[in-house]
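Chains A and B, in that order, are what the protein sequence lines are.
Quick note: the first sequence, position 203, residue 202 per numbering that gives the first Met the number 0, numbers continuous.
Quick note: the second sequence, position 17, residue 16 per numbering that gives the first Met the number 0, numbers continuous.
Reading through the structure tokens given below for one structure.
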Amino acid sequence: MIDREIVPRALPVTRRTWIAQAASALWASFSFVQAVAQSTESVSVGFLNHYPPFSFRDPDGTLTGFDLDVMQRLCAIMGVRLVQVPEGMATLSQKLRGGQIDWIGNQLLATPENRREFDFVRPSYASIQLTSVQHEDDNRDFLSLDDLVGKKLGVLAQTGVEDQARGALGKSVVAYARIEDALKDLAAKKLDAVLEENLIAEYYIERDALPVKVTAPFASPVPVGLAVRKGQREMQAKLSEAVKTMLKDGSLKAISEKWFGYDVSRARVGHALSS
Amino acid sequence: MRAPSKRSTVRTLASMALGCLVMALTACQTFQPPAVDQVRFTPAALPKRNIPEPKIKYLVRQDGYEYCARITGIPVTPTSRPMACAFWNTRRKECTIVTPVETGYNYLGHELRHCFEGGFHD
């Protein structure tokens, strides 16, 4: 049995009432949208425009990277909405100092200069270290520049690594504008080794399926961290708690395995210290 | 010739004694193994290891102290030094232990544990 549809009796509406009702409906919907937007506080996080694999644009022009995924997770833990601000380093520093962004989403080197300018969030979530990279088939042990005398070494051009390598090895050092080109030449056995930061090397090895491997560390792990504006103690503490949660709940491990194939928050070197 | 005064004799003897003490300490100084090596431990269970079954390489280097100092950031000083170190590649399941030419069982054992468990001490 189908009941007859009950049609409410239309009330007479004057033009003036209609306008008043429409205006009040419009205002109500605007207030609702505003309330929803305000219920989730947003934070502006700065990212370097071109810093693969940490933050860079994919072929569609979308900003992506390990640090993007990490910041999305940190914001989810903190219950805030992430607003990406991609810029160059100089602009990011300026915007952080001026309060236009809340923090920088790429971990910065905790150098004395940077410590004077920013406050750093602890703990750090990725261990960065200069390492040698060799061909899969190469079982020689290169642990120092002395071991590389007479060998062809690839480095990133115009860096401290290039200066040091040139000082020790002279003309056998080949400097590249893009480190991925050095790794491709290593894969083609045109070089004996490449010196590069472990995570950057691991990313290109994974991305391009190169027949090369990260071998011995050449320096100690570099202290890094997220930078917030000087004196922003509350933000620093909130971020620190969120990083601890992310390390503890396994979410960093998952992000890390997606980009590098292993958990990058764990140490890569150990020692026995005697005194 | 004038005989040395009592005060200068005491001073000379004191400095000789101090010199002997410094020489003895320098000559006989043996670095004590880290505290973590002096206790028994239960190895981590297979699923909790950093690399469950690592492929291990052992390198004995003339520059062992210096290399370990360089990659760990712990300096070699007259009173402390890294006696051995290890580095590992989790993705490739490989680990390398480095010691100087002269080493001890505990240092090799310590680094071997790193190869399985990753970081296990400060």
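All residues carry an ideal CB built from backbone N, CA and C; glycine is no exception.
Per DSSP, Phe259(A) is not a residue of any beta strand (DSSP E); the alpha helix (DSSP H) it occupies stretches across Ser250 to Phe259.
Looking at Gly249(A), Ser273(A) and Val44(A), the one whose alpha-carbon comes closest to that of Gly87(A) is Val44(A). Glu110(B) counts as buried, since no fewer than 16 other beta carbons sit within 10 angstroms of its beta carbon.
Counting of Cβ neighbours within 10 angstroms places Asn197(A) among the buried residues, the total reaching 16 or more. From the listed residues Asp248(A), Ser273(A), Val242(A) and Ala271(A), the smallest Cα separation to Asp66(A) is found for Val242(A).
Checking the DSSP bridge columns, you'll see Ile178(A) has no partner listed.
Residue ranges of uninterrupted beta strand (DSSP E) with 3 or more members, entirely inside the region 113 to 193 of chain A and ordered along the chain, are 117 to 119, 129 to 134, 152 to 155 and 172 to 175.
For Phe86(B), the enclosing beta strand (DSSP E) has its first and last residue at Arg80 to Asn88. Counting the other CB atoms within 10 Å of its CB gives Gln235(A) a total of 16 or more, which places it among the buried residues. Annotation: the continuous alpha helix (DSSP H) that includes Thr90(A) extends over Met88 to Arg96. Under the Cβ criterion of 8 Å, Ala83(B) is counted among the residues facing chain A. Boundaries for Glu240(A): no beta strand (DSSP E) harbours it, while the alpha helix (DSSP H) harbouring it runs Arg232 to Lys247, taken from the DSSP string. When beta bridges are read from the DSSP output, Leu47(A) appears opposite Glu86(A). With the rule of 3 Cβ pairs closer than 8 Å, the region 52 to 64 of chain A does not count as touching the region 93 to 100 of chain A.
The continuous beta strand (DSSP E) containing Asn105(A) extends over residues Trp102 to Leu108. For Ser274(A), the chain B residues whose Cβ falls inside 7 Å of its Cβ are Phe30, Gln31, Thr78 and Ser79, in order along the chain. About 13 Å separates the beta carbons of Ala215(A) and Leu152(A), which is beyond the 8 Å limit, so they are not a contact pair.
When beta bridges are read from the DSSP output, Tyr57(B) appears opposite Ile96(B). Within 9 Å of the CB of Ala218(A), the CB atoms of chain B belong to Arg69, Ile70 and Gly72, in sequence order along the chain.
Identification of residues in the region 126 to 160 of chain A having a C-beta nearer than 7 Å to some C-beta of chain B yields Asp140, Leu142 and Ser143, given in sequence order. Under the criterion of beta carbons closer than 8 Å, Ala68(B) and Pro74(B) qualify as touching, at roughly 6 Å. Contact check for Leu147(A) and Leu129(A): beta-carbon distance about 13 Å, past the 8 Å limit, so the pair fails to qualify. DSSP places Ala215(A) in the uninterrupted beta strand (DSSP E) bounded by Val211 to Pro216.
Spatial neighbours of Met245(A) in its own chain (CB-CB distance under 8 Å, excluding positions within 5 residues in sequence) are listed in chain order as Val69, Arg72, Leu73, Ile76, Tyr124 and Leu251. One Cα belongs to Asn105(B), the other to Phe217(A), and the distance between them is close to 25 Å.
Neighbours of Glu110(B) in chain A, taken as residues whose beta carbon is under 7 Å from its own, are Gly269 and Ala271 in chain order.
Residues of the region 237 to 269 of chain A with a C-beta atom less than 8 Å from some C-beta of chain B are Phe259, Gly260, Tyr261, Asp262, Arg265, Ala266, Arg267, Val268 and Gly269, listed in chain order.
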